[in-house]
Amino acid sequence: MKERWTTFADDAAKKQEALFDTWLSPKITFESPEAEALYKERVTLYKDAIQMRVPKRVPVAPSAGSFPIEFSGINWYEAMYDYKKLAYAWGKYHNDMDPDAFNAPRTIAPGKALETLGLTLYRWAGGGGLRNNQEYQFVEKEYMKADEYYDLIDDPTGFFINTYFPRIFRELEPLKKIPLLPPIHEIPMMPGGLIPFGMADVQEAFVKLADAGNEVHQWLAEVSKVTLSQMAKGRPGFSGGITKAPFDVIGDSLRGTRGVLMDMFRHPEELMEACERITPFMIKFGVATCKAAGHIMPFIPMHKGADAFMSQDQFKKFYWPTLKKLIIGLSNEGVVPQLFVEGAYNKRLELVDELPRGKVVWWFDATDMGEAKKTVGRTNCIAGNVPLDILCTGTPDDVKTCCKNLIDVAGKDGGFMMVSGAGVQGSKPENVKTMIDFSKEYGVYR
Amino acid sequence: MFDKLMDAIIQMREEEALELTEKLLEAKADPVTILDACTKSMEEVGKKFESGVYFLPELMMAGEMLKQISEKVKPMIQGQGEGKKAGKVLLGTVRGDIHDIGKDIVGFLLDVNGFEVKDIGIDVPPEAFVEEAEAFHPDVVAMSGLLTLAYDSMKDTVDAFKKAGLRDGVKIIIGGGQMSDKIAEYSGADACAKDAMDGVNLIKKWTGKE
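Those protein sequence lines, which keep their order, are chains A and B. Residue numbers for the first sequence follow this note's numbering, beginning at 5 and rising by one. Residue numbers for the second sequence follow this note's numbering, beginning at -15 and rising by one.
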């Protein structure tokens, strides 16, 4: 079989430039010529940082996480069930704090849609069983069993329809009956293929899907409104679209931490093959969701390749090969992967330092930024990493000291974005404000 | 054959380790000696972890092997007692946080390292930590949390121990994604574990196992 996504394409830079143009000139009506100029100035700050030029100043935007909920005085239940309140909270946070980029509330999913489908993969306020002031949380389990690797490998889409969705959505249990699709391609197979769609329980599952879809559209209307109004004020989005490293797809949501760590010993071949099999999906999804948002940077939260989870050899064998293909696949479509490294990559920096210039953004949580600057930071933009312990329990002076150090070290000669190490929920508002204001002032390149 | 068993465990050859255990039992080997070999292997695996050769996956795999071997061997040594435990640890995820993976990994590693672990679950309010501690008399209280909301829950839990007059009688350790020494200080805990094995090692040190 032909190996794909092994080299960066010659026309990737041209495609990247075209996507930057789209991001820079959205088809919207700005509030004023000043707002339009501000929007373009901010996109240019990010573009210069990504393309490794020295921007006018360091662009700054904390990862909003769910901070706007507490900041605006609403609770989690309201945020997930009352979309107008959700939009209000995000508008207020961005207006009051004035970061350079907008973090859309797309991670705050509509509770009613999840409820309609009976989602069990998470718990959340309201119908998800948590208290009204609790943030939604992931319930980790072996949603795919160790002996099901080949079901996934043979037919990832079929596995998700027939096995995974019935397990994580109570109301989609009847999807088990959906037939395998590739065999349905000639008239003799068609009646049989249609039988499940005439069954009452299967039809009911599709009605639920339609209901959930309608709910998502109501949510989307409000989310789009606040997103567009922020853009109209001169604030571009910090990311657009999302995808994940193939190993994390398997490790986070299918096999679970414990399962995937054991699979490295018990089912190494199946695990690697499954990562390969998932890769094209994650590339296509990243490109499609990013372009649909008119953006250039899809958000890629990365988990199980961190220093604490596996050895360097295991990282090289199980995690990096398909992450690298994902990076190449996205880059070749002009997209700039926003690689959010949760935990630390202190041991990985040299290993992953093999990408061409200006292709990705390495956004670090707990990685040493000085070391990052000396390795991956020579060729690609690094972002990070004001820690949450300082933002939550420190003083504005602590925040200034931290940001100053980041700008001096990681921000030297450009190629740097100021971001928090994780979502800033729980932070003191004055600390978030200080992070933004101080970075704008001190981060000017002279 | 004991050497072979130890080598199989240390080199992560699960099937071989289990087969060798069966063979040893068939040959009427002393079950206590088998368990001793396992303990020595675990120490060796621990050393490889300390020196950066092994990581979490090997610790988990070695623990899995030890569990399975113990299950085979323990029925043979009934009546001889389980041997003295290394110490008692009360473990839970703090109020507001329902994540259990980090907690479960730590609990598992403590268990296979000879500790008596009482896992009191997730979203545990400060009062519940104190009540459980009053009944269980742990040497160490271990609090887990992934979210930033856990900072204050941890602080409240330590305060609850102070209020109940129990703080001086226990060591308190915290751990989780966004935890740090700064948060240990903020919450009033004795230490922050930077990862699961670091936590086990700190607890070993406190309980005098090392």
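Ideal Cβ positions, reconstructed from N, Cα and C, are used throughout, including at glycine.
Asked                                                                                                                  : Found
Cβ contact (3+ pairs, closer than 8 Å) linking the stretch 302 to 309 of chain A and the stretch 271 to 281 of chain A : no
For residue 385 of chain A, the residue or residues it bridges with in DSSP                                            : A/365
Helix, strand or coil at residue 305 of chain A according to DSSP, with G and I counted as helix                       : strand
Within chain B, the residues that residue 148 of chain A reaches when beta carbons sit closer than 9 Å                 : Neighbours of residue 148 of chain A on chain B: none; closest Cβ ~16 Å, over 9 Å.
Coil, strand or helix - residue 126 of chain A by DSSP                                                                 : strand
Positions along the stretch 228 to 261 of chain A whose CB lies within less than 7 Å of some CB in chain B             : 261
CB of residue 99 of chain B within 8 Å of CB of residue 47 of chain B, strictly                                        : no
Reference residue 17 of chain A; option with closest CA among A/6, A/371, A/362                                        : A/362
C-beta contact flag for residue 356 of chain A and residue 308 of chain A at 8 Å                                       : no
Euclidean distance between Cα positions of residue 84 of chain A and residue 291 of chain A                            : 27 Å
For residue 89 of chain A and residue 78 of chain A, the rounded distance between their alpha carbons                  : 7 Å
Three-state secondary structure assigned by DSSP to residue 32 of chain A                                              : coil
Uninterrupted alpha helix (DSSP H) stretches inside the stretch -5 to 72 of chain B (no shorter than 4 residues)       : -2 to 10, 15 to 34, 40 to 57
Beta-carbon proximity of residue 43 of chain A to residue 239 of chain A, cut-off 8 Å                                  : yes
Any C-beta of chain A under 8 Å from that of residue 195 of chain B                                                    : With chain B covering -15 to 194 only, the question about residue 195 of chain B has no answer from this structure.
Local Cβ density within 10 Å of residue 6 of chain A, reported as buried at 16 or more and exposed below that          : exposed
Extent of the continuous alpha helix (DSSP H) run through residue 268 of chain A                                       : 260 to 270
Nearest-angstrom Cβ-Cβ length linking residue 1 of chain A and residue 385 of chain A, presumed shorter than 8 Å       : One cannot answer for residue 1 of chain A here, as it falls past the ends of chain A, which runs 5 to 450.
Counterpart residues of residue 103 of chain B in DSSP-defined beta bridges                                            : B/75
Residue-level contact to chain A via CB, residue 133 of chain B, 8 Å cutoff                                            : yes
Pairwise C-alpha distance: residue 174 of chain A and residue 124 of chain A                                           : 7 Å
Three CB pairs or more closer than 8 Å across the stretch 56 to 68 of chain A and the stretch 419 to 437 of chain A    : yes
Contact check, residue 226 of chain A vs residue 116 of chain A, beta carbons under 8 Å                                : no
Interface residues of the stretch 362 to 385 of chain A facing chain B [CB-CB below 8 Å]                               : none
Rounded C-alpha distance that separates residue 222 of chain A from residue 294 of chain A                             : 21 Å
Enclosing beta strand (DSSP E) for residue 159 of chain B [first to last residue]                                      : 155 to 159
8 Å Cβ cut-off: residues of chain A touching residue -2 of chain B                                                     : 269, 270
Residue range of the unbroken alpha helix (DSSP H) whose run includes residue 222 of chain A                           : 204 to 236
is_contact[residue 85 of chain B, chain A] using C-beta, thresh 8 Å                                                    : yes
Cβ-Cβ distance between residue 347 of chain A and residue 372 of chain A below 8 Å                                     : no
Short CB-CB distance (under 8 Å) between residue 118 of chain A and chain B                                            : no
Identity of the residue in B/19, B/87, B/29, B/25 nearest residue 57 of chain B by Cα                                  : B/19
Interface residues of the stretch 109 to 121 of chain B facing chain A [CB-CB below 7 Å]                               : none
Environment of residue 192 of chain A [buried if 16+ CB atoms lie within 10 Å]                                         : exposed
Short CB-CB distance (under 8 Å) between residue 137 of chain B and chain A                                            : no
Residue nearest to residue 82 of chain B in terms of C-alpha spacing, selected from B/53, B/-2, B/131, B/178           : B/131
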